[in-house]
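There are 2 protein chains.
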Amino acid sequence: MENEKALKNLLDFLKHPSVSATGEGVRDTALWLKDFMRDLGINAWIEETPGHPVVYGEANNGGDKTLLVYNHYDVQPVDPLNEWKYDPFSATVKDNYIYARGASDNKGTLMARLMAFSRYKGKLNFKFVFEGEEEIGSINLHHFVDRNKDRLKADAVIMEGAGLDTKGRPMIVLGVKGLVYVEIRVRTGERDVHSSNAPIVYNPVWRLVEILNSIYDGEKVKIKGFYDEIEPISKDVEELLDKYDVDVEELRKSLGAYALKHKERKEVVKALFTEPTCNIDGIYSGYIGKGSKTIVPSHVYVKMDFRLVPKQDPKKIFNELVEHVKRIDPKVEIIDMGLEKPVRTSPKTKVARAMISSAKEVYKVEPVVIPNSAGTQPMGIFYDLGIDEIVSAIGAGTSSSNAHAPNENITVDNYYKAIEHALKFYEEFERIK
Amino acid sequence: MENEKALKNLLDFLKHPSVSATGEGVRDTALWLKDFMRDLGINAWIEETPGHPVVYGEANNGGDKTLLVYNHYDVQPVDPLNEWKYDPFSATVKDNYIYARGASDNKGTLMARLMAFSRYKGKLNFKFVFEGEEEIGSINLHHFVDRNKDRLKADAVIMEGAGLDTKGRPMIVLGVKGLVYVEIRVRTGERDVHSSNAPIVYNPVWRLVEILNSIYDGEKVKIKGFYDEIEPISKDVEELLDKYDVDVEELRKSLGAYALKHKERKEVVKALFTEPTCNIDGIYSGYIGKGSKTIVPSHVYVKMDFRLVPKQDPKKIFNELVEHVKRIDPKVEIIDMGLEKPVRTSPKTKVARAMISSAKEVYKVEPVVIPNSAGTQPMGIFYDLGIDEIVSAIGAGTSSSNAHAPNENITVDNYYKAIEHALKFYEEFERIK
C-alpha cells in the first residue's frame, strides 16, 4: 500500500519532462517538485540561478545531526526518439520495469529518498538540494551554494546514487576524482593556404604537437607541481582496493579496447581509482574529409581533461598549465571549460559506516565500496563548505538501466529497495557515533 | 578574324561541362575534343583508363624534334553555384572577360595551344596528352603512360601553363616539387569510452603525438635518409632565385598569415623553392563540437604531405616513413595517397631557352623564371619516360582568375596572347640548337 503510493508518486514525477539541455518542462517540474515536497512536510522553495532553478528544502526534526541530500531533477534529452519502446515521458510500467527518461538518472533515486523521508520517524535533520542543471554540467550550482554557505551547513552529504553493480550489489562511492577540462587553441593565420606555402608559413598543428608533447610524455604529466600535492594512499583506501574484484579481460571487452595498459587486477584497480590522468577528448584541424587536400590549416584546437586525485588543486593545476603553454607560445589560447575538486571521504567516517552497514542489512550482501569514482561529480562544491563526509550511494539504477540512452529504466523492485536502503541509512546515520 | 574563330572555339569548349569529381559531362567533352582535334588535322583518339579517358593526338610534321603537350580537359566542381555571376557553363563574355569554369584552369590554355598548332607552319612534331582527371589527382594517368612508353617519346614536354604574375609578366616554371601524401591512422579500440577509463585504456591521440613528434621536430624531418639525396643548388638555380623578386610583407598579407618563418626576401625564396617540407593538412579525433565531452576516442587520423626537391625519391621516402612508424607501433596504418617525383629542368635546355626567348618577344617584358614550383604537377610521370626537358608555361590565367573558385575567368586579350606565345614557342623550339 505504502509502496503502491510511492510508485504512483515516482510515475507522476517521471511524467514531467525536465530536459535541461533544451529547457523543456524544467520550470514546471521544479514547481511540481517544490509543491510535492511541501506536501511531505518539507519547508521547500525555488532558488533562482542564472540558469534553471534549484529546488531547496529543509526539514528540522530536532536532532543534532543534519544530512544534506543532493540530487538533480533534470534529465538528458530523449533522442533518438524512434528507438524508444514507449514514450519517454509516459512512465510506462511493464513486466516489473519502469520505462522513462530519468527513471535511473536520477528521478528514481530522488523520489526514493523523499519516500524514505516520508516514512522516517527519527530526529535527523534534512536539507535537500535538487538542482536542474546536472546534465549540462552543473554550470550554475555554485551561484546557489555561494550565497547559501551558512544555510547549507551539514554533517554529511549524500550525492546522486551509484546504483547496483552487474552482480546486483549496492555500490558505495566514497569520493570523486577532480577535473580540469580545457580547450587549447592555436591559430597562425586568417585562413587555410595551399600547402606549397609550407616552407614559409607556420603550421598550427606542429606547434600544438610540440605543446602536447611537452605536457605529457605518455606516462607522466610534465606540468610543474602536478604530482606534488597528491595524498599518499592510506591503509583504508588500500584495503578497499584490495577487495575490489574485477575481471580484467571482461573489463577490456566491455570497453571495446584492443588492449589495456595493465594486465593485473591490482594494477588496473590502482590506476583506475588512484592515478590522475591527462586525456585528449578530441582534436581538429584542416581537411578531414575523404581523399587528399593540400593545405596548411590556419588553426587547430584540442579538448583535454585531467582527472585529479586528492589533494590535487584544479585551480593551481589550471594556472600551471597556462604558464606552461604560454612559455612555449604566449599567443596560444587555453580556455577553462570546467574545474572540479577531487574528494575522498574516509571509510571510517560516520556517513560511510552508516551507509555500508545499512546497505548490508537491506541488500543482504557485502556492498562494493570504492574510495572514489574514476569519474567526476560536483562533490567538491560541498567539500568547500567544510563538509568532509560525502558519499555517493543509494541508487535504483544498474548497468542495464540505459542512463543517457533510449529505453531508460529501473525495476520496480530496485526502486522499493532504494527506498528501504535510504530509510535504513537515515536511521543508522542518526544513531551512529 | 582568325582570333574571332579561336574565341568561338574556346567558348564551345567551355560550354561542355567536364567535372571530373562528379563525372558530369566528362565523356561528352572528351569525345567533342577528340573530334575537334581531328578537324585540325591531328590524329586523335580516346584512350581508356580505369577512370576518365585520356584524349590523345599526334601530328607528324616531318621534323627532327617532337614536343609533347600536356593539358587536362577536366574542371573543378562549380559550388558554391549561387556565388557565380553567370552560369559557369554559359561561357559568358563581358567587358573583355570570359567567365566560365575551366576558363583559366585550364581549357583556355589547352585551346590556345591547339589554336597555335592550327596556325603553325613548321616541321615540329606534336603529341598531345589531354587527361580527364587532373583535378582529382591524375589518379589514372600512369595507366595510360605505362602502356604507351614508346609512343610518348618526345624531346620536351610543356605542362599546364603557369600564367601571368600580378605584374602581368609571363611565368616560366622549370620544374616541380615532388610529393608524398599519406594518411596515418591509429586505432586503439572499437568505440569511444568515458574518459574515466583514461587510466587503463590507450588514447590513440597520445600515440599519434608521439609518432608526429618523432617524424618532425619543427625544423627537420627525422625520417632516415630524408635529406641524403637532395641535389645541391646549382649556380643556374641560384641565379634564378636571386632574380626572383617578392615583397615579403605583401606575400605575408596575401596569405593571411600572422607571421612568416623568414623575414628576408632571399630566405623566403630559398625556402619556397628549394626546401622539402613536412606538412599536416588535417587531423581528427573524438569530440570536436561545442562545449565539453569526456571521452577517450577510439581512433585518430592525420593527413600529411611532404614536398620533395630534386633528387629525393618519393617511393624511398614513403617506405622509410612506413618503417619509421612501424618501429614505434606496428599496428599503425599508413596509407599512400599519392607519390610524385620532383623535377627540375636546367634553364640551359632547349625547351627552357626557347620558352624564355619566345615569352620575351611576345610579352615585351622579362619573364619570371622559377627553377621549380613550390607545389606539384605530374611532371615526374613524363620525366620517368626519359624526358628531361619539361617546363610549365604558356597560360592565360592570372592571380585574379579565380581558379577553383566562383567566377573563374580570363581576359580575351590574355587568351589571344597565349596563342601568340604558344605559336612563337613552337617556332623557336623547332629552330633552337
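Chains as they are written, first to last, in the numbering used here: chain A, 20 to 452; chain B, 20 to 452.
C-beta atoms are modelled at their ideal positions from N, C-alpha and C, and glycine is treated no differently.
Small disclaimer: the values here were computed from a predicted structure and weren't measured.
**Asked** A/Gly-127 lies in the alpha helix (DSSP H); which residues open and close that run?
**Response** 127–138
**Message:** Suppose you measure from the CA of A/Tyr-382 to the CA of A/Met-323; what does that come to, to the nearest Å?
**Reply:** 39 Å
**Asked** Got a sec, what are the start and stop residues for the alpha helix (DSSP H) B/Ser-377 sits in?
**Response** 369–382
**Asked** Counting only runs that start and end within the segment 147–189 of chain B, where is the beta strand (DSSP E) found for 3 or more residues in a row?
**Response** 175–178
**CB of A/Met-20 within 8 Å of CB of A/Leu-133, strictly** = no
**Request:** Return yes when the Cβ of A/Lys-379 is within less than 8 Å of the Cβ of A/Glu-408, no when it is not.
**Result:** no
**Request:** List the residues of chain B that A/Lys-312 touches, going by C-beta distances under 8 Å, in chain order.
**Result:** Asp-300, Gly-301, Lys-322
**Request:** Please confirm whether A/Lys-146 and A/Asp-255 have their CB atoms less than 8 Å apart.
**Result:** no
**Message:** Using only CA atoms, which one of A/Ile-177, A/Ala-217, A/Gly-156, A/Ile-438 lies nearest to A/Tyr-200?
**Reply:** A/Gly-156
**Asked** Beta-carbon of B/Thr-296 versus every beta-carbon of chain A: anything under 8 Å?
**Response** yes
**Prompt:** So the beta strand (DSSP E) B/Trp-64 belongs to, where does it begin and stop?
**Reply:** 62–66
**Asked** So which residues of chain A does B/Arg-120 contact, with C-beta pairs closer than 7 Å?
**Response** Neighbours of B/Arg-120 on chain A: none; closest Cβ ~19 Å, over 7 Å.
**Item:** Integer-rounded CB distance, given that A/Pro-390 should sit under 8 Å from A/Leu-260
**Value:** 7 Å
**Message:** Just verifying my parser: in three-state terms, what is the DSSP assignment at A/Thr-85?
**Reply:** strand
**Prompt:** Whose CA, out of B/Val-228, B/Ile-451, B/Arg-450, B/His-440, lies closest to the CA of B/Ile-191?
**Reply:** B/His-440
**Asked** In this structure, does DSSP put B/Ala-78 in helix, strand or coil?
**Response** strand
**Prompt:** Does DSSP classify A/Ser-214 as helix, strand or coil?
**Reply:** helix
**Request:** Would you mind giving the Cβ-Cβ distance between A/Ala-373 and A/Phe-448, rounded to the nearest angstrom? I have them listed as a contact below 8 Å.
**Result:** 4 Å
**C-beta contact flag for A/Ser-37 and A/Gly-151 at 8 Å** = yes
**Message:** Within 8 Å of any Cβ in chain B, is that where the Cβ of A/Leu-103 sits?
**Reply:** Before going on, a small fix: residue 103 of chain A reads as Trp here, not Leu. It does not: the Cβ of A/Trp-103 has no partner Cβ on chain B nearer than 8 Å.
**Prompt:** Can you find a C-beta in chain B that's less than 8 Å from the C-beta of A/Tyr-445?
**Reply:** no
**Prompt:** Is it right to say A/Ser-377 is buried, meaning 16 or more other beta carbons lie within 10 angstroms of its own, or is it exposed?
**Reply:** buried
**Item:** Selection from B/Leu-227, B/Asn-144, B/Thr-293 that minimises the alpha carbon distance to B/Asp-348
**Value:** B/Leu-227
**Item:** Spatial distance of B/Glu-43 from B/Ala-119 (CA atoms)
**Value:** 15 Å
**Prompt:** Is the Cβ-Cβ distance between A/Val-148 and A/Tyr-75 less than 8 Å?
**Reply:** yes
**For A/Gly-197, the first and last residue of its enclosing alpha helix (DSSP H)** = Element bounds for A/Gly-197: not the alpha helix (DSSP H) but the beta strand (DSSP E), 197–206.
**Asked** Using CA coordinates, which residue listed in A/Asn-125, A/Lys-142, A/Asn-22, A/Leu-129 is at the minimum distance from A/Ile-451?
**Response** A/Lys-142
**Asked** Three-state secondary structure (DSSP) at B/Tyr-92?
**Response** coil
**Message:** Assuming the contact rule is C-beta atoms closer than 8 Å, A/Arg-363 and A/Leu-198 should be a hit. Round their C-beta distance to whole Å, please.
**Reply:** The pair is not a contact, with the Cβ atoms about 15 Å apart (cut-off 8 Å).
**Message:** Spatial neighbours of A/Val-97 within its chain, please: C-beta separation below 6 Å, excluding the five flanking residues on both sides.
**Reply:** Pro-107, Arg-120
**Message:** Taking DSSP's pairing of strands, which residues face B/Asn-298 in a bridge?
**Reply:** B/Asp-324
**Boundaries of the alpha helix (DSSP H) in which B/Gly-399 is found, first to last residue** = 399–402
**Prompt:** Would a C-beta distance cut-off of 8 Å place B/Ala-393 and B/Gly-414 closer than the cut-off?
**Reply:** no
**Message:** Please identify the residue among B/Tyr-445, B/Asn-428, B/Phe-444, B/Glu-446 whose C-alpha is closest to the C-alpha of B/Asp-114.
**Reply:** B/Asn-428
**Message:** Spatial neighbours of A/Leu-171 within its chain, please: C-beta separation below 6 Å, excluding the five flanking residues on both sides.
**Reply:** Leu-404
**Asked** DSSP state of A/Leu-143, grouped into three classes?
**Response** coil
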